[in-house]
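Have a look at the structure below, then the notes.
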Amino acid sequence: MKQLFPHALVLVLLFLSLSLAKEGEKNESTNMDSDVIVLTDKNFDEMIKKHDMLMVKFYAPWCGHCKEMSPDYEKLATKLKKSKSKFAIGKLDATVSMTTGQKYRVTGYPTLKFFFKGLPIDYEGARENNKILKFMEKKSGDSTKTFKDETELNKMVERNSLAIIGFFKDLNSKEANIFIEAARLTSYVEFLITSDKSLMKKFGFEKYGIMAQNDFPENTGKDISVKRSTYKGKFNRNDIIEWSKSKSVPLIVEFNDQTSQKIMTDEKINQHVIVFAKFTGKDALSKEDRDKLMIEFARAAEKYRNKFIFVYVDLGDVQNGPMFHYFGGDIEKTPFFIIFNLADVSKFHPHEDANTLTTKNLVKFIDLYLNKKAKQFFLSGELPDDWDSKPLKYIVQKNFMEITHDKKKDAMILYISNECEQCGDKMTMMKELAQEFKDSDDKVLAYINGGINEFKDESLTTDLFPTIRIFKKKTNEMVEFLGQFSVDNLRKFLIEYDVQKPEYVETDDEEELEEDNNEESSIHTE
């Protein structure tokens, strides 16, 4: 089972959004007194021309998050309309008006975009009216701030952690306008601008230039921490935006409650190099060892900055224990580092002879990964010495194939998980059946914890617990039990391979939900 740690919450929210589908559709579609402008493929271009400052919610009728924010979103629209505000509020069903949704690269629901004179600006903040309104006010005003000297610049950077600074001899030049436009379309960093000649001379700019300055915590050693860097790309809006985004995360960043969302939801970089070590608490690294480790880590990060996000995790924080286990860590072998690809939820461990954290070993490991030669890791539970001492065997990933692909035996396997409340009763049934067949020469019964065992072949996993499957002798064909759980039914399944698929007549509501699920399968909720 692939667990998207730390994204398990996303799966829960997805389930909730589906369960609220019918109610959500009513809220979004049937409110005839709404002050929210209803947008479609046909009227969208007309509306963004008519309304210079329009916030648009791209939604799906089945989306639970969309439903949750609808009442407050309606109130905001009414408030702005009554006050004759320059701002307007709109919504578009992206499952119906698919052309517009695709045009603006909507990949999740709800997605909020602020259209300022036709230019789309992503809103990535909290879905609260005061935050949304503050964002619109900020983006409709001056997109850049000016400063008079280096002291004021440093204070601005300190307040915001990061600033992108534009230096222009002529603030009305083509280059300055490109910078200002990039600033308006960027929502995650402060843009500053100046034409001060002495500052331009100090930072080495003759006519124009762009510099990033950060005030991130110095956890990489003085010889590594880069406080200022100069933009050297082409002078166009999109490239400046992408470069600014790459500077919005420190060279290396700690994984914690404040940073986890940004680390794991970066749209551009979904590859992570993660190091685990005990930085605080009992038996923590000394300051000298910590600084040395961070310098080694940061030197590798400099080399691959735009390809990976480099993250460190403090094992002194007990909340990080489950994450450490998920990535296959051994507390006796720390510091420990891995590569995690969020796109396909794959994990990679370094080879045993190169698992000491040095820049050289990290670079070698990353290059192996980039050349598709790194060793992929799959989580496996520990196999106890007495795993086969009882009629119902306990198996893990490491011996799964040995048991299920025995040509001489049918293997009936029960998949359970620690969180499964219904699995206890099924275990009791399986134990009773296993006792009955304990002397059989051609049948074996076992169970596996699907939450702590992973497989390269995804067909061997399941997201539903409890699940019972048989792997047939001779062919090893996998057959899943679909009937009502009882000892008699399971016995029949074991002997006759009778899956006992329940018969039912699909109702209109089920057909409609199935259609919604088919639409949902191509998009995710946030």
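Numbering-wise, the sequence shown is residues -21 to -1, 1 to 505 according to mature numbering (1 follows the signal peptide of the UniProt record, and there is no 0).
Heads up, the beta-carbon is just placed ideally off N, CA and C, and yes, glycines get one too.
Here the structure is a predicted model, which means the values were calculated and not measured.
Query, Result
"For isoleucine 68, the nearest candidate out of Glu116, Thr19, Asp14 (CA to CA)", "Asp14"
"Cβ contact (3+ pairs, closer than 8 Å) linking the stretch 137 to 151 and the stretch 65 to 80", "no"
"For lysine 70 and phenylalanine 234, the rounded distance between their alpha carbons", "35 Å"
"Cβ contact (3+ pairs, closer than 8 Å) linking the stretch 208 to 215 and the stretch 170 to 178", "no"
"DSSP three-state assignment for proline 301, whether helix, strand or coil", "helix"
"C-beta atoms of lysine 471 and lysine 422 nearer than 8 Å", "no"
"Coil, strand or helix - arginine 163 by DSSP", "helix"
"For proline 89 and tyrosine 38, believed in contact at Cβ under 8 Å, the rounded distance", "5 Å"
"Lysine 405 beta carbon less than 8 Å from that of leucine 393", "yes"
"Separation of threonine 407 from glutamate 381, as counted between CA atoms", "24 Å"
"Counted within 10 angstroms of its Cβ, other Cβ atoms place lysine 181 as buried (16 or more) or exposed", "exposed"
"Backbone CA spacing between aspartate 12 and glycine 43 [nearest angstrom]", "22 Å"
"For asparagine 320 and serine 223, the rounded distance between their alpha carbons", "23 Å"
"Distance between isoleucine 159 and lysine 96 (C-alpha atoms, nearest Å)", "14 Å"
"Exposed unless 16 or more other CB atoms sit within 10 angstroms - verdict on leucine 443", "exposed"
"Residues near serine 122 in its chain [Cβ-Cβ closer than 7 Å; skip 5 each side]", "Ile159, Ala162, Arg163, Phe170"
"Opposing strand residues paired with serine 208 [DSSP bridges]", "Ala191"
"N- and C-terminal bounds of the alpha helix (DSSP H) containing asparagine 468", "466 to 475"
"Integer Cβ distance of phenylalanine 460 from arginine 448, believed to fall under 8 Å", "7 Å"
"Contact under 8 Å by Cβ, glutamate 284 with leucine 230", "The question names glutamate, but residue 284 is arginine in the sequence shown. Closer than 8 Å, so yes."
"Sequence-distant residues of its chain with Cβ nearer than 6 Å to glycine 308 (five each side left out)", "Phe255, Phe315"
"Cα-Cα separation, glutamine 36 to histidine 330", "Here residue 36 turns out to be lysine, not glutamine, going by the sequence shown. Using only the alpha carbons, I get a separation of about 47 Å."
"Secondary structure of arginine 448, DSSP reduced to three states", "strand"
"Cysteine 45 (DSSP reduced to helix, strand or coil)", "helix"
"Every unbroken beta strand (DSSP E) within the stretch 380 to 422, with a cutoff of 3 residues, ordered by chain", "389 to 395"
"Contact with chain C by lysine 127, beta-carbon distance below 8 Å", "In summary, chain C is missing from the structure at hand, where a single protein chain is found."
"Separation of lysine 92 from asparagine 109, as counted between CA atoms", "16 Å"
"Beta-carbon proximity of isoleucine 220 to threonine 165, cut-off 8 Å", "yes"
"3-residue-minimum beta strand (DSSP E) runs that sit fully inside the stretch 254 to 298, ordered along the chain", "288 to 293"
"Option nearest histidine 384 by Cα separation, candidates Ser359, Thr440, Lys352, Met457", "Met457"
"Among Asp364, Thr125, Cys402, His304, nearest to proline 445 - alpha-carbon criterion", "Cys402"
"One or two residues paired with tyrosine 52 in a DSSP bridge", "Paired residue(s): none; tyrosine 52 is not in a bridge."
"Segment limits, alpha helix (DSSP H) that includes valine 17", "Note, valine 17: premise wrong, no alpha helix (DSSP H); beta strand (DSSP E) at 16 to 18."
"Three-pair Cβ contact test at 8 Å for the stretch 429 to 442 versus the stretch 350 to 365", "yes"
"Buried versus exposed, by CB contacts within 10 Å (16 or more), asparagine 156", "exposed"
"Top-ranked residue by Cα proximity to lysine 271, from Phe258, Asp262, Lys282", "Phe258"
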